[in-house]
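Q: Residue numbers (our numbering), protein chains in the order written: chain E, 424 to 708; chain R, 129 to 543.
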Amino acid sequence: MPKIKELEGKGTLTRRDFLKLGSLAGLALTISVMPKVVLANNEEKKDSGKTRWKKGDDILLRMLDDLNRALLKPEQERKWSMAIDTRKCVGCFSCTISCIAENRLPTGVVYRPVIEEESGTYPHVSRRFFPRPCLHCENPPCVPVCPVKATYKRVDGIVVVDYDKCIGCRYCITACPYSARYSDFGENYTSPLQPYEKLPSFEYQKKWLRKKGKSPIGNARKCHFCIHLIEDGILPRCVSTCIGRATYFGDLNDTESLIYSLSKEANIVRLKEELGTKPTVFYLI
Amino acid sequence: MRKFICILMALLAIAGLVSSYVRFLEGMKVTNLTSSIPWGMWVVFYIYFVGLSAGSYLISTLPYVFGFRRLERIGPLAILCAILALVTGLVFIWMDLGHPFRFWKVITNFNYTSILAWEVILYSLYLALLLVSFWFLKRCELVSQAKYSTGMKRVLAKFLSFSFSCPQTQEQYQDCHLFSLNLVKYLGFIGIPLVLFVRGGTGALFAVVASRPHWFSGLLPVMFLVSGLLSATAMLLFIHHFFSTEKERQENLPMVLILRNLLLLFLSIETFLFASETLVGIYSKIPERLELYHLVMFGPFPYIFWGGQLFLGLIIPVFLCSYKKTRRTSFWLSIAGLSCSCGVVSIILNLVIPAYVLPMLKGLDRAFIDHRLIYFYFPSIIEWLSSFGLISLVVLVFIYLVENLPVFSRTEIKF
Numbered sequence: 424m425p426k427i428k429e430l431e432g433k434g435t436l437t438r439r440d441f442l443k444l445g446s447l448a449g450l451a452l453t454i455s456v457m458p459k460v461v462l463a464n465n466e467e468k469k470d471s472g473k474t475r476w477k478k479g480d481d482i483l484l485r486m487l488d489d490l491n492r493a494l495l496k497p498e499q500e501r502k503w504s505m506a507i508d509t510r511k512c513v514g515c516f517s518c519t520i521s522c523i524a525e526n527r528l529p530t531g532v533v534y535r536p537v538i539e540e541e542s543g544t545y546p547h548v549s550r551r552f553f554p555r556p557c558l559h560c561e562n563p564p565c566v567p568v569c570p571v572k573a574t575y576k577r578v579d580g581i582v583v584v585d586y587d588k589c590i591g592c593r594y595c596i597t598a599c600p601y602s603a604r605y606s607d608f609g610e611n612y613t614s615p616l617q618p619y620e621k622l623p624s625f626e627y628q629k630k631w632l633r634k635k636g637k638s639p640i641g642n643a644r645k646c647h648f649c650i651h652l653i654e655d656g657i658l659p660r661c662v663s664t665c666i667g668r669a670t671y672f673g674d675l676n677d678t679e680s681l682i683y684s685l686s687k688e689a690n691i692v693r694l695k696e697e698l699g700t701k702p703t704v705f706y707l708i
Numbered sequence: 129m130r131k132f133i134c135i136l137m138a139l140l141a142i143a144g145l146v147s148s149y150v151r152f153l154e155g156m157k158v159t160n161l162t163s164s165i166p167w168g169m170w171v172v173f174y175i176y177f178v179g180l181s182a183g184s185y186l187i188s189t190l191p192y193v194f195g196f197r198r199l200e201r202i203g204p205l206a207i208l209c210a211i212l213a214l215v216t217g218l219v220f221i222w223m224d225l226g227h228p229f230r231f232w233k234v235i236t237n238f239n240y241t242s243i244l245a246w247e248v249i250l251y252s253l254y255l256a257l258l259l260v261s262f263w264f265l266k267r268c269e270l271v272s273q274a275k276y277s278t279g280m281k282r283v284l285a286k287f288l289s290f291s292f293s294c295p296q297t298q299e300q301y302q303d304c305h306l307f308s309l310n311l312v313k314y315l316g317f318i319g320i321p322l323v324l325f326v327r328g329g330t331g332a333l334f335a336v337v338a339s340r341p342h343w344f345s346g347l348l349p350v351m352f353l354v355s356g357l358l359s360a361t362a363m364l365l366f367i368h369h370f371f372s373t374e375k376e377r378q379e380n381l382p383m384v385l386i387l388r389n390l391l392l393l394f395l396s397i398e399t400f401l402f403a404s405e406t407l408v409g410i411y412s413k414i415p416e417r418l419e420l421y422h423l424v425m426f427g428p429f430p431y432i433f434w435g436g437q438l439f440l441g442l443i444i445p446v447f448l449c450s451y452k453k454t455r456r457t458s459f460w461l462s463i464a465g466l467s468c469s470c471g472v473v474s475i476i477l478n479l480v481i482p483a484y485v486l487p488m489l490k491g492l493d494r495a496f497i498d499h500r501l502i503y504f505y506f507p508s509i510i511e512w513l514s515s516f517g518l519i520s521l522v523v524l525v526f527i528y529l530v531e532n533l534p535v536f537s538r539t540e541i542k543f
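(1) Count Cβ pairs between the region 334-351 of chain R and the region 260-269 of chain R that sit closer than 8 Å; are there 3 or more?
(2) Could you list which residues in chain E have their beta carbon closer than 8 Å to that of L234 of chain R, in chain order?
(3) Just checking my contact of A603 of chain E with R555 of chain E at CB under 8 Å: how many whole Å lie between their CB atoms?
(4) DSSP has P600 of chain E in a bridge; who is on the other side?
(5) Using a Cβ-Cβ cut-off of less than 9 Å, give me the residues of the region 485-504 of chain R that come near chain E, in sequence order.
(6) Is G543 of chain E close to chain R? Criterion is C-beta to C-beta, closer than 9 Å.
(7) If you draw a straight line from the C-alpha of L214 of chain R to the C-alpha of K588 of chain E, how long is it?
(8) Determine, using beta carbons only, whether V178 of chain R comes closer than 9 Å to chain E.
(9) Taking all protein chains shown into account, do 16 or more other C-beta atoms lie within 10 angstroms of the C-beta of I202 of chain R, making it buried, or fewer, making it exposed?
(10) Could you give the residue range of the alpha helix (DSSP H) that holds Y301 of chain R?
(11) Helix, strand or coil for P554 of chain E per DSSP?
(12) Buried or exposed: which applies to A495 of chain R, given that a residue is buried once 16 or more other Cβ atoms fall within 10 Å of its Cβ?
(13) Looking only at DSSP bridge pairs, what is L707 of chain E linked to?
(14) Below 8 Å on the Cβ atoms is my contact criterion, and I expect A335 of chain R with S345 of chain R to pass it. Report the Cβ-Cβ distance as a whole number of Å.
(15) Am I right that I660 of chain E and E540 of chain E are in contact with their C-beta atoms under 8 Å? What's the rounded C-beta distance?
(16) Counting contacts by CB-CB distance shorter than 9 Å, is T509 of chain E in contact with chain R?
(17) I believe M137 of chain R touches L524 of chain R by the beta-carbon criterion, under 8 Å. Please report the beta-carbon distance rounded to the nearest angstrom.
(18) Establish whether the CB of H227 of chain R and some CB of chain E are separated by less than 9 Å.
(19) For H499 of chain R, name the three-state secondary structure that DSSP assigns.
(20) DSSP three-state label for W503 of chain E, please.
(21) Are the C-beta of G155 of chain R and some C-beta of chain E separated by less than 9 Å?
(22) Give the residues from the region 427-444 of chain R that approach chain E closer than 7 Å (Cβ to any Cβ), ordered along the chain.
(23) Note down, in chain order, every chain E residue with its Cβ under 8 Å from the Cβ of V248 of chain R.
(24) 9 Å is my cut-off, CB to CB: does N237 of chain R come that close to chain E?
(25) Roughly how far, in whole angstroms, is the beta-carbon of V568 of chain E from the beta-carbon of K576 of chain E, given that I think they are within contact range, below 8 Å?
(26) Measuring only the C-alpha atoms, how far is T457 of chain R from L395 of chain R?
(27) State the DSSP-derived secondary structure class of D488 of chain E, mapped to helix, strand or coil.
(28) Could you check if Y605 of chain E is buried or exposed, using at least 16 other CB atoms within 10 Å of its CB as the buried criterion?
(29) Please report the straight-line C-alpha distance between L190 of chain R and M129 of chain R, rounded to a whole angstrom.
(30) Measuring only between beta-carbons, confirm whether F132 of chain R sits less than 9 Å from chain E.
(31) With a cut-off of 9 Å, does the C-beta of N642 of chain E fall near any C-beta of chain R?
(32) List, in chain order, every chain E residue whose beta-carbon is nearer than 8 Å to that of A338 of chain R.
(33) Name the one or two DSSP bridge partners that R644 of chain E has.
(34) On a Cα-Cα basis, can you pick out the residue from E:R593, E:D674, E:E696 that is closest to E498 of chain E?
(35) Leaving out five residues on either side along the sequence, give the residues of the same chain with a beta carbon under 7 Å from the beta carbon of F292 of chain R.
This is how it looks when you write it as structure tokens:
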């Protein structure tokens, strides 16, 4: 930018010229890249089932492969799942914060808090971290209690809330055995509102602006595996921002996927299994 | 004294209306509820008033369905009490909704697996049944009042008689009244199971939450039913004394004594159920339950248990109903009723709130610090004012209706 300003100052390149040049360059780039993108997309479709991830690559790339492969299948054939490796979680809270930023969560709503667990006595002490998103149970106790069918389980396993239907009775919050649901009381972090709090959220692939009396204010809210991102082939925010790569995401119905192989490990734990909720989020300990 | 109480009630009602307006304007942020304790004072009063309504209706069925004629004089009062209590309970739960103006979605998006959705249907049917029963019981007297009264009494009676014109002679009136009694009796055959579902269902709302050991019990719907009967008997004792003339109090003493006995009966059953539930919980030594009982008895609000549940809810009423100088006095029995009502509210308060106080997952209370995520609840000023304001408003409406409708059948029917 300083260079451009300098040039503008000398009169060798006007703003108009710069914009013209920029547009031409953009057009040229689009023309040159477009066929490749189309080709890559077609190739991806042809290569469905194949993975381009190589050993030694970041596991995020493998999960991206898994995700894109799953998106080629009909929705009812997918089963989204998440795994959290407590041995790798360093307790940095990136997932908590990135989730808040991604979904523009107001004060009092946290989809993914991280529980800290300390055990032992000095000098034999250890510390563990348990991020707790919505566990997207196979038998979710929050679904049958909703009087207006606002909360339901999608065919791909994600438990969602229809903000336009929810009457805000908070029965689902009461029924959830993991306290994974929150009520949006309509409060904000800043007053007067700073610009970042006025930005819309795109949960459930819709645009939600915070206005008094309008959804999502007054609604029950919860983690939804960032549906708006995964439907576009992007990993949930908590997965992509995990610095310890402790969070895994993918399609449990895909036997080639990383999440599937993890689900067959011997050291997995599901929270409160005795309640028969069958969470699809599991922990590696 | 009565005038002073009415002025106080009116002031409270105004404060309540203003705070309710603030609540609707500002939304749920005016409450002190959190995502950890999402149900508070309004839900407690909703449970209490629905119980009061169900209990009042069940007591009214004693004369009309089971032929217990000695309680006939309190029948219309009990039904009127049931109507107003139900409406009050529903207003409380409506006020508690995050989106109160979407309540109609319960009908358009009905979820048959939700007890709450079924409850809404049952409440509507039950309210209709109560209104029909009350109207049929009082229609002849309303017609008479519309003819021979003056002022507001006449206007009200004329409006509520819905152009009905039955009694022309004494015989016609007898026939008409007999028909009404029979109708109310047959409505009772539908009404009794309906009200059992209404009140049992309110208990089941809590009892089915498997993850909360404080609620998850088959006894809970039964306890809710008994607490409803208890609160209704207690309230009827109080209301009867408050609204009766000295002569009526003397005349109705046998009926008051029956109500006193019923109060003792329901109090014994409620205490037995509560003790059974608590002792089994303590004996099982499940840490979560033990911690909860400890919290209720010695936590931040021990006076709700010791003062509310035990002293006001059990010791005072039992004493006043058994001590020889008070047990046959309408005034002291009405005090026993009032005290017992406070006890029932305390029971509900200790049932609803403590179940939320322990985090569902160990350490969750410290995972993210925010004032809307804390595990502590004390109602906000808006919650206090709107609750007691609404209750005062309902009491004023009740006083107005009792004084302007032939609830006590004080005047002779003229033809």
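Virtual Cβ for every residue (Gly too), placed ideally from N, Cα, C. Since the model is a prediction, treat every value here as computed from it, not as a measurement.
A: This is what the structure gives:
(1) No, the region 334-351 of chain R does not touch the region 260-269 of chain R.
(2) The sequence shown places Val at residue 234 of chain R, not Leu. For the C-beta of V234 of chain R, the chain E residues within less than 8 Å are, from N- to C-terminus, P570, V571, I590.
(3) Rounded, the Cβ-Cβ distance is 7 Å, consistent with contact.
(4) DSSP output for P600 of chain E lists no bridge partner at all.
(5) Residues of the region 485-504 of chain R whose Cβ lies closer than 9 Å to any Cβ of chain E, in chain order: P487, M488, L489, K490, G491, L492, R494, A495, F496, D498, H499, R500, L501.
(6) No, no contact with chain R.
(7) If you draw a straight line from the Cα of L214 of chain R to the Cα of K588 of chain E, it comes to about 26 Å.
(8) No, V178 of chain R does not count as interfacial toward chain E.
(9) Burial is judged here by how many other beta carbons sit within 10 angstroms of a residue's own beta carbon; I202 of chain R has at least 16 and is buried.
(10) Here the alpha helix (DSSP H) through Y301 of chain R covers 298-335.
(11) It is a strand residue.
(12) If you draw a 10 Å sphere on the C-beta of A495 of chain R, you find 16 or more other C-beta atoms in it, and that means buried.
(13) E:D508, E:I691, per the DSSP bridge assignment.
(14) 6 Å between Cβ atoms; contact.
(15) At residue 660 of chain E the sequence reads Arg, which differs from the Ile that was named. Not confirmed; about 24 Å, so no contact.
(16) No, T509 of chain E lies away from the interface with chain R (no Cβ there is under 9 Å from its Cβ).
(17) Rounded, the Cβ-Cβ distance is 5 Å, consistent with contact.
(18) Yes, contact with chain E.
(19) DSSP, reduced to helix, strand and coil, places H499 of chain R outside both helices and strands of the structure shown, so it counts as coil.
(20) Correct three-state label for W503 of chain E: strand.
(21) Interface with chain E (9 Å Cβ-Cβ cutoff): G155 of chain R is included.
(22) Identification of residues in the region 427-444 of chain R having a C-beta nearer than 7 Å to some C-beta of chain E yields an empty set.
(23) The CB of V248 of chain R comes closer than 8 Å to the CB of P570 in chain E, given here in chain order.
(24) At a cut-off of 9 Å between beta-carbon atoms, N237 of chain R makes contact with chain E.
(25) At roughly 13 Å, the Cβ-Cβ gap does not stay under 8 Å, so V568 of chain E and K576 of chain E are not in contact.
(26) If you draw a straight line from the Cα of T457 of chain R to the Cα of L395 of chain R, it is about 19 Å long.
(27) Of the three classes helix, strand and coil, the one that applies to D488 of chain E here is helix, per DSSP.
(28) The residue in question, Y605 of chain E, is buried, as its Cβ has 16 or more Cβ neighbours within 10 Å.
(29) Their Cα atoms are separated by approximately 34 Å.
(30) Chain E contact via Cβ: absent.
(31) So, interface residue.
(32) Within 8 Å Cβ-Cβ: P564, P600, L698.
(33) Answer is E:Y605.
(34) Considering only alpha carbons, the answer is E:D674.
(35) Cβ within range, chain order: R267, V271.
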